[in-house]
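Engineer:
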Amino acid sequence: MRNYIILLFIGLAITMSSCRQDFVFETSKTGDLSFSKDTVYLDTVFTNIGSSTYSLKVYNKTNKDIKIPTIQLGKGLNSKYRITVDGMTGENNNNRIFHDVELLAKDSMYIFIEVTADVAEANPTDFLYTDQIRLGTETDYQKVELVTLIQDAYFLYPKTIDDQGHTETLTIGDQEIYGFYLDPNDPVNGNEYEWGNDKPYVVYGYAAVPNGKTLNVQPGARIHFHADSGLIVGNGGSLKINGNYSSTEALENEVIFEGDRLEPDFSDVPGQWGTIWLTDGSTNNKIKNLTLRNATIGFLIDHNDGTTTTFENTQIYNCANMGIYAKTAKIKGQNMVINSAGQFSLGCTLGGSYEFKHCTFNNNWSSSQQLAVLIDNYYTDDANIQHAYSLDQADFKNCIIYGSNQIELRLNRATDTNLAFNTSFSKCLIKFNSTSFTTIPEYNFIYDTTSGEIKKTGSPDFMDVYNNKLMIGDDSVAKGFGDDLGITKDVINTDRVIDGNGKVDVGAYQHIIFPSN
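In terms of my numbering, the sequence shown opens at residue 19 and continues consecutively.
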């Protein structure tokens, strides 16, 4: 009997403890909640292009479990913002209105926010689109403001061509590509062969320049490419990028090619879009004062028609594969900067003709295989047969070829030595820390024939390679090492100084005194 009574008391104790009121939720009152921020600023987006996802943290710092009667956007179902609350999508999955949301004492939850809005829905004076997240009742609530800037643009994309929803495509060789030909009389954009600076351009798919047409890109133009998009210059077509020097950090006269994600987190993410493809037969392409960022391949230059593609004051950064990938091309470049690419910054492949003056080719990509410059004149097919081409010239004058690996220049010559492989490096600073190539004739210029030591070693003293600041400092070995080539300005319009010995700095920049930290 005694044992039975003891068991009865234990059972009652367990039953009573299981009936605790820890999870009885009280209706929240104004002031019960606090937030990680009182305003959520969503970065600039283009009209009708969705934003990234932003977060807001909501805290219940009280000692009671509470129930929030309503969490909703101020504009309700008409809001262009969308929210999820702790993984929930709201009434009828509308992402705008939530009822009876429970939050334990001393706990928190996340609200995730996105927006897709048209510029016409923004404030006409400042193009801001705003709303609120309201937490409470319809008349008694706490709020967090939402603000984003909506930017208008010209949108270029393949048009729908039939009732089944099929869109335009391009045929390049045996490839079918999601793309379209530019239209000189587009009913919305006007002449699509003239890209100006009054509004940005956003390109979906590959915009193509056909035979006999020229795309002119004017100073200050801003071109944004969507994922897997780019520009193709076809047989007989031409590209003229007509940027100019800028006087402020806004680069008001520079032409800029980049992706269409404007948020700061995407400012240096490689591979956001495709490439600028100058196809076999494209003609008289001229690129001046262009900054290109975050492509897969910056420029893919395929043979051309015998004319020379020229680059002047051009900067190419953060390409997933290559900065410039040239195949049997003809290129002349001066004041060029290419930095950071998954394979090589500059590739002069399958022969061709190349001349570079006062250029900086650097690669600090985190790979043991990356190169700053690759030069070759052949490829090997699947049957292990080598196909060789003539490299008429690959001349580098007053250039820097550098990076994070010990060897940043690779010269690969075909076994058929009857074909030309003409390279020349005059007054160049080259990262080449190896004595393993002394028996290969193509590398003879690297070594001092009497001492066997590598010529011209030392640091270019770049300001900040990881933020694409490749200006050289006062301690650079590139300072005063080059010959005067008559190029009086550097890539950012600074005067080149000729020292008392008639020498100039090598690379794309005149040296500067770095600011102290």
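Ideal Cβ placement from N, Cα and C applies to all residues, glycine included.
(1) Thinking just about the alpha-carbon of each residue, which of His321, Asp517, Leu122, Leu310 is nearest to the one in Gly341?
(2) Between Gly248 and the rest of its own chain, which residues show a CB-CB distance below 7 Å, the 5 nearest in sequence each way excluded?
(3) Which class does Ala138 belong to by DSSP, given the choice of helix, strand or coil?
(4) Considering only their Cβ atoms, is the gap separating Leu233 from Tyr211 smaller than 8 Å?
(5) Please tell me whether Ser264 and Glu272 are closer than 8 Å, where the distance is taken between their beta carbons.
(6) Please state whether DSSP places Asp508 in a helix, a strand or coil.
(7) Under 8 Å: do the stretch 149–157 and the stretch 170–184 share three or more Cβ pairs, one atom per stretch?
(8) Identify the residues that DSSP records as bridge partners of Ile425: which are they?
(9) Which residues share a DSSP beta bridge with Val495?
(10) With burial defined as no fewer than 16 other Cβ atoms inside 10 Å of the residue's Cβ, what is the status of Ser69: buried or exposed?
(11) How would you label Glu109, buried or exposed, when you count the other beta carbons within 10 angstroms and need 16 or more for buried?
(12) In this structure, does DSSP put Phe463 in helix, strand or coil?
(13) Alpha carbon to alpha carbon, what distance is there between Leu51 and Asn260?
(14) Where does Pro4 fall in DSSP's three states?
(15) How far does the beta strand (DSSP E) with Phe374 in it extend, from its first residue to its last?
(16) For Asn202, which of helix, strand or coil comes out of DSSP?
(17) Roughly how many angstroms lie between the CA atoms of Val524 and Gly351, to the nearest whole one?
(18) Phe43 by DSSP, collapsed to three states: which one?
(19) Is the beta carbon of Asn307 closer than 8 Å to that of Asn262?
(20) Can you list, in chain order, the residues of its chain whose CB lies under 6 Å from that of Ile168, leaving out five sequence neighbours each side?
(21) Counting beta carbon pairs with one atom in the stretch 486–506 and one in the stretch 458–466, are three or more of them shorter than 8 Å?
(22) Contact check, Ile89 vs Leu121 under 8 Å by CB: the rounded distance?
(23) Hey, Lys345 and Thr325: beta-carbon distance below 8 Å or not?
(24) Beta strand (DSSP E) containing Met481: first to last residue?
(25) Looking at the structure shown, is Asn336 part of a helix, part of a strand, or coil, going by DSSP?
(26) Determine the closest residue to Thr266 out of Val287, Asp246, Pro288, Gly238, with distance taken between C-alpha atoms.
(27) Would you be able to state if there are at least three C-beta pairs under 8 Å between the stretch 511–529 and the stretch 382–392?
(28) Here's the rule I'm using: 16 or more other beta-carbon atoms within 10 Å means buried, otherwise exposed. How should Val251 be labelled?
(29) Would Cys337 and Pro288 be called neighbours here (beta carbons separated by less than 8 Å)?
(30) Determine the closest residue to Asp508 out of Asp410, Gln333, Ile115, with distance taken between C-alpha atoms.
(31) For Met354, write down the residues that DSSP places opposite it in a beta bridge.
(32) If you follow the beta strand (DSSP E) that Thr187 is in, where does it begin and where does it stop?
Structural biologist: Quick look at the numbers:
(1) Leu310
(2) Tyr224, Trp291, Gly292, Thr293, Ile294, Trp295
(3) helix
(4) yes
(5) yes
(6) coil
(7) no
(8) Phe450
(9) Beta-bridge pairing links Val495 to no other residue.
(10) buried
(11) exposed
(12) helix
(13) 55 Å
(14) The requested residue 4 is not part of the displayed model; the chain covers only 19 to 535.
(15) 362–375
(16) It should be noted that the sequence gives Pro, not Asn, for residue 202. Three-state DSSP puts Pro202 in coil, outside helix and strand.
(17) 14 Å
(18) coil
(19) yes
(20) Thr65, Ala135, Val137, Ala140, Phe145, Tyr147
(21) no
(22) Incorrect: roughly 10 Å between the Cβ atoms, too far for contact.
(23) no
(24) 480–482
(25) strand
(26) Gly238
(27) no
(28) buried
(29) yes
(30) Gln333
(31) Thr332
(32) 187–190
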